[in-house]
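**Student:**
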Amino acid sequence: MSAPMSAIELHGCRGCGSAVVEVMLEWAGVEFTYREVESWEPGPATDALKAINPLAQVPTLKLADGTIVTESAAIIIALAEWHPRAGLLPPPDDTRRAQAPRWIAFIAGNMYPAISVGDFPERWVKSDAARAELKDGCVERLKAYWGILEQSLDPGPYLLGEEICALDVYAAMLSRWRPGRTWIDANCPRVAGSIALTEQHPIVVRVWARNFKR
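So this is what it looks like as structure tokens:
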């Protein structure tokens, strides 16, 4: 059963986690309306986002029937299920199918929180010194997580083999944030090479041009 996929709205922010969802929607050939919102800034766009997502986080996807889907990993997997022919994930009979959600969940459950805490340390600790220490600690954790990806995956040439999938785009997006591409290129060369190839995909090139500075 397919989801109703007309009049979809994506609430996002340039340079934020909504970038991967932009790629997935375009990749699947889904028409959507993009709603720009910097949710840390008060205003009508943030109010509209809070009305459908109490956390006021992006990405938030609103389907034509009013259904709300939040969390980038959940949106990726939902879109892959609704549009199996698009190839966002490996096919069900491929052993890589289990590995793609595994590493998407790894990114969402480990790397993403370290980014979020590091972006807003004031939400967690009060003093300037504690905030600086927390932010530094988040960077060190992120380096460790990238190291796990480097040790665990054997790109060939993409992260899970010969064909690009949603995991590649998700990792490429995370590489745009801390600890940064210079560190990743120097310390995780296999993963870095795969990400560089992913960023040559025409849809990724187009979406990245809207979201990230070179």
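Counting from 435, one number per residue, gives the positions in the sequence shown under the working numbering. Just so you know, even glycine gets a beta-carbon here, dropped at the ideal spot from N, CA and C. Please read all numbers here as calculations on a predicted model, not as lab measurements.
1) What does the Cβ neighbour count give for residue 435, buried or exposed, with the cut at 16 atoms within 10 Å?
2) Under a three-way DSSP split, which group does residue 529 fall into?
3) Can you find the residues in the same chain that come closer than 7 Å, C-beta to C-beta, to residue 561, ignoring five residues on each side of it along the sequence?
4) Within the continuous beta strand (DSSP E) that includes residue 449, where are the two ends?
5) Using 8 Å as the threshold, is the region 617 to 629 in touch with the region 478 to 492, meaning 3 or more CB pairs across them?
6) Looking only at its chain, what residues have a beta carbon closer than 7 Å to the beta carbon of residue 438, apart from the 5 residues adjacent to it on each side?
7) What is the C-beta distance between residue 511 and residue 605, in whole angstroms, given that I count them as a contact (C-beta under 8 Å)?
8) Does DSSP classify residue 540 as helix, strand or coil?
9) If you reduce the DSSP assignment to three classes, tell me which class residue 496 lands in.
**Tutor:** Once the coordinates are examined:
1) Walking along the sequence shown from the start, residue 435 turns up at place 1. Its pLDDT being 43, under 50, residue 435 is placed unreliably by the model, and nothing is read from it.
2) Taking the sequence shown and counting its residues from 1, one reaches residue 529 at position 95. Judged by DSSP in its simplified three-state form, residue 529 adopts coil rather than helix or strand.
3) Taking the sequence shown and counting its residues from 1, the one referred to as residue 561 is at position 127. Cβ neighbours of residue 561 beyond the five flanking positions: none.
4) Along the sequence shown, read from residue 1 onward, the residue named residue 449 stands at position 15. In the DSSP assignment, residue 449 falls outside any beta strand (DSSP E), carrying neither H nor E.
5) Of all C-beta pairs linking the region 617 to 629 to the region 478 to 492, fewer than three are shorter than 8 Å, placing the two stretches out of contact.
6) Indexing the sequence shown from 1 puts residue 438 at position 4. Caution applies to residue 438, whose pLDDT of 48 falls short of 50 and renders its modelled position unreliable; the model cannot decide the point.
7) Working through the sequence shown from its first residue, we reach residue 511 at position 77. Working through the sequence shown from its first residue, we reach residue 605 at position 171. That pair is no contact at about 15 Å.
8) Working through the sequence shown from its first residue, we reach residue 540 at position 106. Residue 540: helix per DSSP, three-state reduction.
9) The sequence position of residue 496 within the sequence shown is 62, counting from 1. The answer is strand: DSSP assigns residue 496 an E or B state.
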